[in-house]
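These notes concern the structure reproduced below.
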Amino acid sequence: MPKDSGIGASTKRREDIRFLTGQGNYTDDINIAGQAHVYFLRSDIAHGTINSIDTSAAAAMPGVVRVFTGADFEGVGGIPCGWQVTDRHGEPMQEPAHPVIAQGKVRHVGEIVAAVVADSLSQARDAAEAIVLDITDLPAVVDMKAAVAEGATKVHDDLTSNLCYDWGFVEENKGAVDEAFANAAHVTTLELVNNRLVANPMEPRVAVGDYTRHNDESTLYTTSQNPHVIRLLMGAFVLGIPEHKLRVVAPDVGGGFGAKIFHYAEEAFCTFAAKACNRAVKWTSSRSEAFMSDAHGRDHVSKIELALDAENNFTALRTETYANMGAYLSTFAPSVPTWLHGTLMAGNYKTPLIYVNVKAVFTNTVPVDAYRGAGRPEATYQLERVVDKAARELGVDPVALRRQNFVTEFPYETPVAVAYDTGDYHATMDQLESMIDREGFAARRAASEANGKLRGLGVNCYIEACGIAPSNLVGQLGARAGLYESATVRVNATGGLVVMTGSHSHGQGHETSFPQVIAEMIGIDESMVEIVHGDTANTPMGMGTYGSRSIAVGGSAMVRAAEKIIAKTKKIAAHLMEASEADIELKDGAFSVAGTDKSVAWGDVCLAAYVPHNYPLEDIEPGLEETAFYDPANFTYPSGAYACEVEIDPETGKVTIESFAAADDFGNVINPMIVEGQVHGGLAQGIGQALLEACAYDENGQLLTGSYMDYAMPRADDLPNYQVDHSCVTPCTHNPLGVKGCGEAGAIGSPPAVINAVVDALQSGGHAVDHIDMPVSPSRVWSAMNS
Amino acid sequence: MAKVNMTVNGSPASGDVEGRTLLASFLRDQLHLTGTHVGCDTSQCGACVVHVNGEAVKSCTMLAAEADGAEVTTVEGMANADGSLNVIQQAFQDHHGLQCGFCTPGMVMSAAALLKENPKPTEAEVRTYLEGNICRCTGYHNIVKAIMAASGQDVGAIAAE
Ligand code: FES
Ligand code: FES
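The listed protein sequences correspond, in order, to chains X and Y.
For the first sequence, the numbering used here assigns the number 6 to the initial residue and increments by one for each residue that follows.
For the second sequence, the numbering used here assigns the number 27 to the initial residue and increments by one for each residue that follows.
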């Protein structure tokens, strides 16, 4: 019987009511009396030297409050990078300055050159047209391999080259890996591109800066996944505002997918300008601006080699990746191709020797940073493609080859510095096979062929490391922040609770799922618990939501705080019932004394804490409010097996997804409905990457895909219904809920399934195609078939 | 500036607008009906869909002046008279047809227009009709399911809860 409340129940989302009735409170819905609007003049060339910017005519236009250029930000800090990678030789990465407004040079299309603040947005936009720019074009650096060639134009003149870092992992293993390749019975090699994507949350970014002169306080309302991180980065590193004078609010946020983790120039600008103009300043991104200013994702060019012995056991893996950083280092950019990618290269397999080389490269393109999955999709795609190719080369069943090499004993120490606590990869593969009717595939293929179509089946596995992350570990790896999470649980006098969490919800449904946990722990109705998030003024310092960390890290912090509350209420209950604390049990919202019929209700104990007349004041304080900070002992390791069936029309090259099945192990699940929704969304983004999406630049650094006219977002009729299952459960061993996180799995696991299926279909039609790059557009597929 | 008068969610509404003011901006900025969202600038995403004289319209693509004299319905006008969710809204909640909620107003308005014109659509018809509404969160599965359910059809066969 499915539960109808508490942990494991598909409780309907309470936040839906406001979203469905137009009562949401998104950042663009916030308007402050007297606010001005900013319009950013952005570079329309990829690389150039700024000779002069004449703003005098613009400043005289109607309604203009002030025009800002880079000169106004001299002496103001640049946008900081939150992660420092150390290269193969023990040297720190090259880290360029990242000004709020371009200084001296422009380095990508979309970089802010000037900002006009005016009474209305149309006045600001009109005035921006009167700004006279004198910029000398420089050759643009777009292709990564060309960018690191001898004599390439430099994106940053003060760096030695366009190479941010050359990272080797694990460098000490390189010799042994090379030797294993020399001794291999078979080596499979694959070169592939992980296409550049734009995250495209449907809500464009917005920033509203506000300032009150009498107390010198700044407030920023922003579309962020992590308001405390923005407060710390912007306050301490950019604007020099102490945290007690800076409040950051991220109200309802319309999706993030990584792109709203980072600290952006527009946030710093609006906060700075509000003080400079003594007036609130608002910016709402247009979608066109979003394409050229939101951090992009992926954009790796890789070569992967897999060595096998004569029995088809994986003996070694070697990869070389070029990772695009864009023109500047976005907040977490350096960590994505390294610690979120190299550490995942073992996948579900017991390959004993692995070496990963990553060259991060500056180019004249928008900065690239984490996008749903961040590094883990890139690792999974390479690995699951090369394993599939190996199976085809060896003439063995791709599922059998995977199964033969599965890790089966846990905990498992990989050769790439992580330790999987739990998992059961055969179980998720068994579950997948039970969902997809593999035996019936031949008949389905025959039916497709009878219709003149090709049909393919692609299967793959994935593992991810999420629940990010143990602070001491990531500190050693170069993170400039801790990655704990926090929660304050406040119990009111009549027993209702408010949880103030450092996690942020921008679609994940925390307002519903977090109360399910508290309700289960105390045995009360979920409606007695309210969640507060997204405002640094009323939540404890938290690191926010990304890396599938909310329930695993934020939820754990909440559990720890609730445990403190329960311990204290038991003491009070023991006093009220004149019993020993050790005998007190809490169940169904009431405290009882073991072995007696004495009991006292939850609400009565809470009331006693706030009206402490009959209360052990000498032992415990009145009141019921506890805070906990939870720092995870390890990452969590969700895993699963995915399958995709495609049909290809040989006449046009169009690929249609016929079915998609996902069998995941997320550990324990709080709200199955929400978990399944997260998987659906991840699958759509992964299938979108495989089938449709590509962010393209021309050789001059012009963005060719700058709107939804050119960038193919997946639509309802591009996608199938999904079959999803999370009945395989190996609970996480090191967090109190046994949860692993589910936000990114779909996006990580799905691209290789699609491409494996497309290759299978093409080969079934007699085409000698062993790889095709994403997105598998009709023209690419048709060309592959007809080359 | 020109004066426009219209009926919005059953009540008279008026304001002074520039010739270039879009209906979406008029609703959001002047009438403070912020349920209507703007997700793009190329008329592609459908976050801004409202009904004008009973027809689904992308309010980012219509001038406020063009709606002079019209009957406009926004997502704020969709709930039942007692404030409870209407059939479509309720189906979206029941079937988890929304996550971040940003595309949701447009989805609800488009769904209402679809069901008016085709009360029992097939799954393929729903997917085709939603061609002008982008959702980045849900992967559409549960949106399609919600709309089918709102039309009174059995959605038990559509996998997942
Ligand atoms: S805002 Fe109207 S279609 Fe995107
Ligand atoms: S629910 Fe977020 S875009 Fe659709």
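Built from N, CA and C at the ideal position, the CB exists for glycine as well.
Here the structure is a predicted model, which means the values were calculated and not measured.
Contact between Phe-128(Y) and Gly-72(Y) does not hold, since their C-beta atoms are separated by about 11 Å, which reaches or exceeds 8 Å. The three-state secondary structure of Gly-173(X), taken from DSSP, is strand. Listed along chain Y is no residue with a C-beta nearer than 9 Å to that of Asp-669(X); the closest approach is about 12 Å.
With the rule of 3 Cβ pairs closer than 8 Å, the stretch 525-532 of chain X counts as touching the stretch 577-593 of chain X. Across the set Pro-38(Y), Cys-74(Y) and Gly-36(Y), the C-alpha of Cys-74(Y) shows the shortest separation from the C-alpha of Leu-48(Y). With the criterion CB distance below 5 Å from any heavy atom of ligand 2, the matching residues run Met-207(X), Gly-260(X), Leu-124(Y), Gln-125(Y), Cys-126(Y), Phe-128(Y), Cys-129(Y), Cys-161(Y), Arg-162(Y) and Cys-163(Y) along the chain. The closest heavy atom of ligand 1 lies 7 Å or more from the beta carbon of Ser-290(X). The Cβ atoms of Val-182(X) and Tyr-327(X) do not sit closer than 8 Å to each other.
For Thr-100(Y), the CB stays at least 7 Å from every heavy atom of ligand 1. For a Cβ distance threshold of 7 Å, residue set Gly-27 of chain X lies close to Pro-131(Y), ordered along the chain. In the structure shown, Phe-665(X) adopts extended strand secondary structure according to DSSP, grouped into three states.
For Val-496(X), the CB stays at least 7 Å from every heavy atom of ligand 1.
Distances from the CA of Cys-733(X) to each of Cys-611(X), Arg-130(X), Gln-436(X) and Ile-777(X) were compared; the closest alpha carbon is that of Gln-436(X). Thr-710(X) places its beta carbon 8 Å or farther from that of Gln-115(Y).
The residues Leu-141, Pro-145, Lys-146 and Pro-147, in chain order, have a CB closer than 7 Å to that of Ser-177(Y) in the same chain once the five nearest residues on each side in sequence are set aside. Nearest C-alpha to Lys-745(X) among Pro-725(X), Pro-655(X), Trp-787(X) and Phe-640(X): Phe-640(X). Residue contact check for Val-464(X) against chain Y: no CB pair falls below 8 Å. At least one CB atom of chain X sits nearer than 8 Å to the CB of Cys-161(Y). Taking 8 Å as the CB threshold, Val-181(Y) stays off the interface with chain X. Counting every other CB atom within 10 Å of its CB across the protein chains shown gives Gln-481(X) a total below 16, marking it as exposed. Using a Cβ-Cβ cut-off of 8 Å, Asn-56(X) does not count as an interface residue toward chain Y, since no Cβ of chain Y sits closer than that to its own. Note that the C-beta distance between Asn-35(Y) and Thr-87(Y) is not below 8 Å. With the rule of 3 Cβ pairs closer than 8 Å, the stretch 711-725 of chain X counts as touching the stretch 156-172 of chain Y.
Listed by position along chain Y, the residues whose Cβ is nearer than 8 Å to that of Glu-208(X) are His-63, Gly-65, Cys-126 and Phe-128.
The criterion of a C-beta distance shorter than 8 Å is satisfied by Phe-274(X) and Val-105(X).
Counting other Cβ atoms within 10 Å of its Cβ, Val-616(X) stays below 16 and is therefore classed as exposed.
With a cutoff of 8 Å on beta-carbon distance, Gly-552(X) and Ile-473(X) are scored as near each other.
The Cβ of Val-258(X) sits closer than 8 Å to at least one Cβ of chain Y. Val-371(X) is the residue among Asp-654(X), Leu-237(X), Val-371(X) and Met-714(X) whose C-alpha sits nearest the C-alpha of Val-114(X). Contact between the stretch 492-502 of chain X and the stretch 532-539 of chain X is present: three or more C-beta pairs spanning the two stretches fall below 8 Å.
In this structure, the C-beta of Lys-84(Y) approaches ligand 1 to less than 7 Å from one of its heavy atoms. Among the residues of chain Y, those whose CB is under 9 Å from the CB of Ala-689(X) are Cys-161, Arg-162, Cys-163, Thr-164, Gly-165, Tyr-166 and His-167, following chain order.
The beta carbon of Ile-571(X) sits closer than 8 Å to those of Met-526, Ile-527 and Leu-591, all from its chain and outside the five residues before and after it, given in chain order.
For Ala-175(Y), no CB of chain X lies under 8 Å from its own CB, so it is not counted at the interface with that chain. If you draw a straight line from the Cα of Gly-380(X) to the Cα of Asp-775(X), it comes to about 24 Å.
For Ala-28(Y), the nearest beta carbon of chain X is not closer than 8 Å to its own beta carbon.
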